[in-house]
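Notes follow once the structure below has been shown.
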Amino acid sequence: MLIQTTFQPAQLYEAVHELIRMAYPKHDLVRVETPSAQVKLNMQMDLQDQRVTFSGWIISKEKETARKETYFLDEIERDELHRHLNRLTRRFAYDLLVEHTGHSINSYGILTGMRPVKLVHRMLEQGMSPIQIREQLTSDFRMSPEKAELIMEVASNNYPFAVRGPQAYKTVGLYIGIPFCPSRCYYCSFPGAVYRAGDSLQSFLQALEREMEGISQVLNDTGRSVQSIYIGGGTPTVLSEAELDLLFSHLNRWFISPATLEITVEAGRPDTLTPSKLRLLKDAGANRICINPQTMNNETLVKIGRAHDREGVVRSVNWAREAGFRQINMDLIVGLPDEGRQEYQRTAEDILALAPENITVHTLAVKRGSPMAEQEGRESVGDRVKTVQEGLIMMETFFRANNYKPYYLYRQKYMQASMENIGYSLPGHFCLYNINMIEEKQTIIGIGGGAASKFVNPRDGELKSFYNPKNPAVYAESVDRLIAAKVDKLKAVH
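See the structure below:
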């Protein structure tokens, strides 16, 4: 089905197209005259002096809706004008869509970005009270009271741990990307290499070592230390014990110092773990580990291509405890094929029995290029939205009742029904890397295959991103160029 859209000026499209897709998730947007379109939408903005007027209409088979609003801009500073106009544009489009459809199209209101909690951080830094923040979220941003309360709670929990002031200049987070997995999951779009025993990783590991050394030099030159390290992927624990030992020797040589408070290893696949490998990681300095079952239902694990079962998850967590880990995270996904209330309840109960310090609940986002998207289509989760919502509510109820607090939250594209990913934690076990990465408070340097870097200027919060190639061979060939680019960006925000 098609929606014909017309905007004047044309730039309005960039501000509102995601809201239109939320109102009509199974429609394609077209920007040319299309007689066969089932819905037609027109929107115009007229900016004159200190006044802006929006007008628009929507025509569909069921009804026609027209709307017009005028806003005065007398007290808006020039450097804030673009942001304010963008917000007004989105608000007008949101109200027009809600009026036409007769229902809320997004419980996050006009917010469609990944990091809604970041907005509350900004309000707190401006000295706004909780009452003022709640009013602005629900009124200006059209957010539902429930979502406003949720992101305010998350912000209240993580704000004290977010880097700010002099610490934002002196410390960074470090991400190490190991883009290999033992197999590809059904829902995954990540084109990382499938690693098999006996495969040679020599060229990748040599490039990784080279990049680590190059980045360590610029950190020393600019007087920065590493506060947190996150080794992700992929599945880093596909590496052999000898390879992991070498990786940690590089980390200890170049990055780990008394300022390093947290080292996480994404040991996501239980089938890659052994007691000796977990002991090696703990002895090398890791103090937080992720063991990610996604579900505790064996039938689903087979469907999504995992090479482990429920018992393997339990065994791996027990091994991690025996190795000395006192902070374990476990990832879960709500929305996996053929799962409903019974499966969600079993998973929640099984996870609580293992008592991890952190639990991250993901809403399945069907991504372009994943086997699931190719076989079922991107709307497959949307067809079972109610079941997914019930699963998220059940998980939240279970975990809150057992003293887990929501401490970070983010959203993704292709995530249905105004849902989100939420990290829960027992008090005293919040992950520093997650907080500062998601809220974009600290420069994060990504090293390795597929690693993303975020260069944050503490003076004004300006953010610049940089991405390493995901393909291991391309990464290895490009490493000198990657080092040079990051050196320049790090010096620019020093």
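When the letters of the sequence shown are read in order and numbered with our numbering, they come out as residues 127 to 620. Ideal Cβ positions, reconstructed from N, Cα and C, are used throughout, including at glycine. What you are looking at is a predicted structure, and each value in this text was computed from that prediction instead of being measured.
Residues that residue i bridges to, as DSSP identifies them
i      : result
Asp409 : DSSP output for Asp409 lists no bridge partner at all.
Gly299 : Ser354, Ile570
Lys531 : Ser551
Leu128 : Asp154
Glu392 : Cys416
His210 : Bridge partners of His210: none, in fact.
Thr489 : Val460
Ile304 : Gly359
Val320 : Cys307
Rounded straight-line distance, which links the Cα of residue j to that of residue i
i      : j      : result
Glu475 : Asn529 : 14 Å
Gln262 : Pro256 : 10 Å
Asn378 : Met127 : 56 Å
Leu173 : Lys189 : 29 Å
Ile548 : Asp175 : 43 Å
His376 : Val460 : 37 Å
Lys531 : Glu603 : 43 Å
Val511 : Tyr470 : 14 Å
Gln353 : Ala527 : 32 Å
Val619 : Glu566 : 14 Å
Pro419 : Leu199 : 52 Å
Tyr150 : Glu437 : 42 Å
Gly239 : Thr426 : 30 Å
Val156 : Lys166 : 10 Å
Gln130 : Arg241 : 30 Å
Leu100 : Val344 : Shown here, the chain extends from 127 to 620; a query on residue 100 therefore has no answer.
Glu279 : Arg607 : 42 Å
Val613 : Arg216 : 38 Å
Glu195 : Glu272 : 27 Å
Leu214 : Lys244 : 19 Å
Leu207 : Thr297 : 33 Å
Ile570 : Ile477 : 30 Å
Thr489 : Pro292 : 36 Å
Ala274 : Val582 : 26 Å
Ala281 : Gln170 : 36 Å
Phe451 : Arg268 : 43 Å
Tyr285 : Thr191 : 42 Å
Val320 : Gln468 : 33 Å
Glu392 : Tyr356 : 8 Å
Pro161 : Asp266 : 36 Å
His247 : Arg290 : 11 Å
Arg336 : Ser342 : 10 Å
Arg82  : Asn212 : Nothing can be reported for residue 82: it is not among the residues displayed for the chain, which extend from 127 to 620.
Val158 : Asn168 : 12 Å
Supposed close pair residue i, residue j - CB separation, criterion 8 Å
i      : j      : result
Phe381 : Leu331 : Not confirmed; about 16 Å, so no contact.
Leu407 : Leu370 : 7 Å
Thr361 : Gly394 : 5 Å
Ala116 : Pro584 : Lying outside 127 to 620, the shown extent of the chain, residue 116 is not represented and no answer is given.
Gly575 : Lys596 : 6 Å
Leu222 : Ile184 : 6 Å
Gly358 : Gly431 : No, Gly358 and Gly431 are not in contact; Cβ-Cβ is about 19 Å, not under 8 Å.
Ile573 : Leu334 : 7 Å
Ile485 : Leu458 : 7 Å
Asn423 : Thr473 : 7 Å
Exposed unless 16 or more other CB atoms sit within 10 angstroms - verdict on residue i
i      : result
Thr523 : exposed
Ile277 : buried
Pro598 : buried
His229 : exposed
Ser402 : exposed
Asn444 : exposed
Ser551 : buried
Ile519 : exposed
Ala163 : buried
Ala412 : buried
Val605 : buried
Ser442 : buried
Tyr536 : buried
Leu138 : buried
Asn346 : exposed
Tyr593 : exposed
Ser329 : exposed
Thr400 : exposed
Ala136 : exposed
Ala219 : buried
Leu387 : exposed
Residue-level contact to chain B via CB, residue i, 8 Å cutoff
i      : result
Pro271 : This model lacks chain B altogether; it includes just one protein chain.
Proximity test, residue i beta-carbon vs the ligand NAD heavy atom, cut-off 7 Å
i      : result
Glu475 : Summarising the ligand content, the structure contains no ligands, and the ligand NAD is consequently not present.
* To do: Write down every uninterrupted run of the beta strand (DSSP E) in the segment 149-208 whose length is 3 residues or greater and which is fully enclosed by it, in chain order.
  => Taking 3 residues as the minimum length, the beta strand (DSSP E) runs contained wholly in the segment 149-208 are 154-156, 165-174, 177-186, 190-198, in order along the chain.
* Asked: Where in the segment 413-458 do unbroken runs of the alpha helix (DSSP H), each at least 4 residues long, occur, reported from the N-terminal end onward?
  -> 424-429, 436-449, all fully within the segment 413-458.
* **Segments assigned alpha helix (DSSP H), at least 4 residues, entirely inside the segment 223-265** => List check, alpha helix (DSSP H) in window: 242-251, 256-265.
* Asked: Curious, which full-length beta strand (DSSP E) runs of at least 3 residues does the segment 572-601 contain?
  -> If one requires a minimum length of 3 residues, the beta strand (DSSP E) runs lying completely within the segment 572-601 are 578-582, 589-593, in chain order.
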